[in-house]
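S.K.: This is the structure I want to talk about, given as structure tokens.
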Amino acid sequence: MSDFLLEMGKNPQVRQLVKTLGLPIPMPLDLKREKGPYTERPLAEASIALGIPYASELTTQLAQDLMRAGANPFVHTTEEIFTLFAQEGEAFGRHPARLILETYDASQTFDAMVFDATTLRTTDSLEQLYAFFHPLLRSLNKYGRIVILGRPPEETTHAPHRAAQTALEGFVRSLAKEIGKKGSTAQLLYVSTGAEAQLEAPLRFFLSKRSAYITGQPLRIAPVENQHPKAWTLPLEGKIALVTGAARGIGAMTARRLAEEGAKVICLDRPQDDAPTSQLARDIDGEVFLADITAEDTPQRLCEMLKERFGGVDIVVHNAGITRDKTLARMKREHWAQTIDVNLSAVSRVTHALINDVLRKDGRLICLSSIAGIAGNMGQTNYASAKSGIIGLVRHMSAELQDKGITVNAIAPGFIETRMTEAIPFAIREVARRMNNLGQGGRPLDVAEAITFLATPQASGLTGQVLRVCGGSLIGA
Numbered sequence: 006m007s008d009f010l011l012e013m014g015k016n017p018q019v020r021q022l023v024k025t026l027g028l029p030i031p032m033p034l035d036l037k038r039e040k041g042p043y044t045e046r047p048l049a050e051a052s053i054a055l056g057i058p059y060a061s062e063l064t065t066q067l068a069q070d071l072m073r074a075g076a077n078p079f080v081h082t083t084e085e086i087f088t089l090f091a092q093e094g095e096a097f098g099r100h101p102a103r104l105i106l107e108t109y110d111a112s113q114t115f116d117a118m119v120f121d122a123t124t125l126r127t128t129d130s131l132e133q134l135y136a137f138f139h140p141l142l143r144s145l146n147k148y149g150r151i152v153i154l155g156r157p158p159e160e161t162t163h164a165p166h167r168a169a170q171t172a173l174e175g176f177v178r179s180l181a182k183e184i185g186k187k188g189s190t191a192q193l194l195y196v197s198t199g200a201e202a203q204l205e206a207p208l209r210f211f212l213s214k215r216s217a218y219i220t221g222q223p224l225r226i227a228p229v230e231n232q233h234p235k236a237w238t239l240p241l242e243g244k245i246a247l248v249t250g251a252a253r254g255i256g257a258m259t260a261r262r263l264a265e266e267g268a269k270v271i272c273l274d275r276p277q278d279d280a281p282t283s284q285l286a287r288d289i290d291g292e293v294f295l296a297d298i299t300a301e302d303t304p305q306r307l308c309e310m311l312k313e314r315f316g317g318v319d320i321v322v323h324n325a326g327i328t329r330d331k332t333l334a335r336m337k338r339e340h341w342a343q344t345i346d347v348n349l350s351a352v353s354r355v356t357h358a359l360i361n362d363v364l365r366k367d368g369r370l371i372c373l374s375s376i377a378g379i380a381g382n383m384g385q386t387n388y389a390s391a392k393s394g395i396i397g398l399v400r401h402m403s404a405e406l407q408d409k410g411i412t413v414n415a416i417a418p419g420f421i422e423t424r425m426t427e428a429i430p431f432a433i434r435e436v437a438r439r440m441n442n443l444g445q446g447g448r449p450l451d452v453a454e455a456i457t458f459l460a461t462p463q464a465s466g467l468t469g470q471v472l473r474v475c476g477g478s479l480i481g482a
């Protein structure tokens, strides 16, 4: 589906004309997205400004994580901490530079900025955010990335400490709005005590082009016991993945990305969609399972097939969904029931069947929620209820399955350019596209990248989370 403003914005002459005439026309940038499978060094030669006001438990971890990923850090910190960075850099053949803000002349620009705010324990210490970002922000390149690191507020020990860590969320959400017009994004990662080793995968993802349509999001990283090193390339090799609603759109793109990272993918969709589902399976060397997801016998049939053919399943992506939009006063009972059944009840039934002995240890459950489930939407009481229910399901099951090493997360897409959104009337569609920090709709690939990231072994520190893929939607929390 074509976005005419995005297409116009690709023409530098048109962009300049709009700017010169002062026309009130938003000209969103064509976001840069990564192509192909994961690489060993996703941040190769990226210039990253790193702020570490005080030594923390993350200092050594940050040095290792960034330089192992290929980044060139410019570190604003004390002499002692910088020396530590330089020593770590030698192991990876990299030489970090010292960043002195007092003498910074803006000649050096940056692809990303990372700030360790885990040591901010008073409201006065928030001054460190201003001191670091104020002189540097204009030097952030287009399509730049900003990541703020904090500690979960619930882990704090006194009121000013909690206030300082909670303040990071408002800072990041506001900063994401300020830099969105440049195609840039900002995220907040709350790293629990003991979860420092789980930071590397989220850093790689959120500092890369794979997170192009995610911004203004706070996520919590939890500690993981008995974590073993995993390969950064083909991380899903040998894994069995199930994707529901796989025939087209987000489901099809997700199946392709999971396969690209090494997974064997079972593509589940309705018998009516046999042709596109079978074609997809052929393209990715996957398997087809045709079923009505709401049928009474589907959970049992699916479990039997997975056990007999593959011995179980490692990754389950609940993507199948429908809309039956109408204001509540005009909605038919069957449209209410059908929407709840497909989008929520079937997910619950299938999941509970799988977790008995089909979903393997250290498995991944990823459920599609929606911005509608967070913010609500006119004419979608049924759909919003179901998608909000998904969030409740995820939060409960993440705790229930934690001992098995199984992570359970939700993805909440915003306006994504799919067949479903193409059917929206033009005027409403245009408004919906623009109501986010990046001023455009997302692509199925954006959602697929988020799902693939959460499906990897390296994302084991993320569970019970709701990750919005919405460009920083202006609606919802």
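When you number the sequence shown by the numbering used here, it's gap-free, plus one each residue, and the end is 482. All residues carry an ideal CB built from backbone N, CA and C; glycine is no exception.
1) Could you check the C-alpha separation between E160 and S197 for me, to the nearest Å?
2) In three-state DSSP terms, what is T418?
3) With distance defined between alpha-carbon atoms, name the residue in F137, A236, L263 nearest to L247.
4) According to DSSP, is I57 part of a helix, a strand, or is it coil?
5) When DSSP labels each residue in this structure, what does T249 get in the three-state scheme?
6) What span of residues does the beta strand (DSSP E) with C272 cover, start to end?
7) Would you check if the stretch 426-446 and the stretch 161-169 touch, i.e. whether three or more CB-CB distances between them fall below 8 Å?
8) So what's I289 in DSSP terms, helix, strand or just coil?
9) Counting only the same chain and skipping the five closest in sequence on each side, list residues whose C-beta sits under 6 Å from that of A325.
10) With a threshold of 8 Å, are at least 3 pairs of Cβ atoms found where one atom belongs to the stretch 279-287 and the other to the stretch 345-365?
11) Would A432 and F420 qualify as a contact pair, given that the criterion is a beta-carbon distance under 7 Å?
12) Rounded to a whole number of angstroms, what is the C-alpha to C-alpha distance between R156 and T124?
13) Nearest-angstrom Cα distance between L370 and M440?
14) For the 8 Å Cβ check, are there 3 or more pairs between the stretch 440-458 and the stretch 206-224?
15) Nearest to Q66 by alpha carbon, out of G199, A377, L459, M310?
16) Please go through the same chain and pick out, in chain order, the residues whose beta-carbon is closer than 7 Å to the beta-carbon of Q133, but skip the five residues on each side of it.
17) Between which two residues does the alpha helix (DSSP H) holding L239 run?
18) In whole angstroms, what separates the C-alpha of E174 from that of I153?
19) Do I245 and F294 have their C-beta atoms within less than 7 Å of each other?
20) Take P207 as the anchor and find which of L373, A377, S465 has the nearest alpha-carbon.
21) Grouping DSSP H, G and I as helix and E and B as strand, with all else coil, what is Q470?
22) Tell me whether R99 is buried or exposed, calling it buried when 16 or more other Cβ atoms sit within 10 Å of its Cβ.
23) Helix, strand or coil: which one does DSSP assign to E148?
24) With H, G and I counted as helix, E and B as strand and the rest as coil, what does DSSP make of L479?
25) Leaving out five residues on either side along the sequence, give the residues of the same chain with a beta carbon under 7 Å from the beta carbon of R253.
26) Identify which residue in G243, L241, L307 has its Cα closest to the Cα of L272.
27) Unbroken alpha helix (DSSP H) runs of length 4 or more, entirely within the stretch 86-128: which are they?
28) With the cut-off set at 7 Å, would you say I376 and S213 are in Cβ contact?
29) So for V413, helix, strand or coil by DSSP?
30) Let me confirm a value: G188 is counted as buried when at least 16 other C-beta atoms fall within 10 Å, else exposed. Which label applies?
31) With DSSP run on the structure shown, which of helix, strand or coil describes L28?
M.R.: Here's the rundown:
1) Their Cα atoms are separated by approximately 8 Å.
2) Before going on, a small fix: residue 418 reads as Pro here, not Thr. In this structure, P418 counts as strand in the three-state DSSP scheme.
3) For the residues F137, A236, L263, the minimum Cα distance to L247 belongs to L263.
4) Secondary structure at I57: coil, using DSSP grouped into helix, strand and coil.
5) Under the three-state reduction of DSSP output, T249 falls in the strand class.
6) That run of the beta strand (DSSP E) goes 269-274.
7) As far as the Cβ criterion goes, the stretch 161-169 does not touch the stretch 426-446, which means the pair count is below three.
8) The answer is helix: DSSP assigns I289 an H, G or I state.
9) For A325, where only same-chain residues beyond five positions count, the Cβ hits under 6 Å are T249, G250, I298.
10) Because the criterion of three Cβ pairs below 8 Å is not met, the stretch 279-287 and the stretch 345-365 do not touch.
11) For A432 and F420, no; Cβs fall outside 7 Å.
12) In this model, R156 and T124 are separated by some 8 Å (Cα to Cα).
13) Here the alpha carbons of M440 and L370 stand approximately 30 Å from one another.
14) Enough Cβ pairs lie closer than 8 Å, so yes.
15) The candidate whose alpha carbon is nearest that of Q66 is G199.
16) So the qualifying residues of the chain are P58, L125.
17) Per DSSP, L239 belongs to no alpha helix (DSSP H) and is neither H nor E.
18) Taking the straight line joining both Cα atoms gives about 9 Å.
19) F294 sits away from I245, with the two beta carbons spaced by 7 Å or more.
20) Nearest of L373, A377, S465 to P207, Cα basis: S465.
21) If DSSP states are grouped into helix, strand and coil, Q470 belongs with coil.
22) By the 10 Å Cβ count, R99 comes out buried.
23) Per the sequence shown, the amino acid found at residue 148 is Tyr instead of Glu. Three-state DSSP puts Y148 in a strand.
24) If DSSP states are grouped into helix, strand and coil, L479 belongs with coil.
25) A distance below 7 Å between beta-carbons, with the five flanking residues on each side excluded, links R253 to the following residues of its chain, in chain order: P281, R424.
26) Before going further, note that residue 272 is Cys rather than Leu in the sequence given. Nearest C-alpha to C272 among G243, L241, L307: L307.
27) Every candidate alpha helix (DSSP H) stretch fails here, since none sits fully inside the stretch 86-128 while reaching 4 residues.
28) It is not a contact, given that the beta carbons lie outside the stated cut-off.
29) DSSP places V413 in strand when its eight states are reduced to three.
30) The residue in question, G188, is buried, as its Cβ has 16 or more Cβ neighbours within 10 Å.
31) With a pLDDT of only 47 at L28, under the threshold of 50, the placement of this residue in the model should not be trusted, and no figure is reported.
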